[in-house]
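Comments concern the structure below.
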C-alpha cells in the first residue's frame, strides 16, 4: 500500500515537472518570437501579461466551478428539507411526553446496539435518496 502511494506521489511529481517545463518553454518561445518586433523589455512585458492572463482565466474557471458546486449543494439540501415528513413535528408538539419516551427508548437502543442503529440509519438513508 505504501509502495502504491509512493508511486502515485512520484508520478504526480513527474507530471508537475513536465507541466512546469512546458510552461517555461512556452514562455521562452513567446519571448523569442516577440524580441525582434518589440525589443527585450516589450517581449518580457508581453510574456508576463500572457502569464497573468492564463492565471486569471484559471482562477476564474476554478471560482465558477466552486460556485456551481455550492449551488448544487444548496439545492440538494433544500430538496432534502422539503422531503422531510412534517408530521413528526406535529406529533412532537402535540404529545411531548410520548416523544420524550420514544427518544429515551431510541437512546437506550443506540447505547446497547450501536451497529443495529447504524444499519437502520443506512436502510432509511437508501430509501430517502430515491
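Numbering (this note's numbering), first residue to last: 41 to 170.
From the three backbone atoms N, C-alpha and C, an ideal C-beta is built for every residue, glycine too.
Quick caveat, the model's predicted, so the values are computed rather than measured.
Reduced DSSP secondary structure (H/G/I, E/B, other) of residue i
{"i": "residue 153", "result": "coil"}
{"i": "residue 138", "result": "helix"}
{"i": "residue 46", "result": "helix"}
{"i": "residue 160", "result": "helix"}
{"i": "residue 61", "result": "helix"}
Exposure label - residue i; buried when at least 16 CB within 10 Å
{"i": "residue 115", "result": "exposed"}
{"i": "residue 63", "result": "exposed"}
{"i": "residue 59", "result": "exposed"}
{"i": "residue 87", "result": "buried"}
Proximal residues to residue i (C-beta, below 6 Å), its chain only, five neighbours per side dropped
{"i": "residue 146", "result": "none"}
Residues of its chain near residue i, where Cβ-Cβ distance is below 7 Å and the 5 sequence neighbours each way are ignored
{"i": "residue 75", "result": "83"}
Original post:
Given 8 Å as the limit, is there contact between the segment 71-84 and the segment 46-63, that is, 3 or more CB pairs closer than that?
Top reply: no
Subject >> Residue ranges of each alpha helix (DSSP H) within the segment 84-133, 4 or longer >> reply: none
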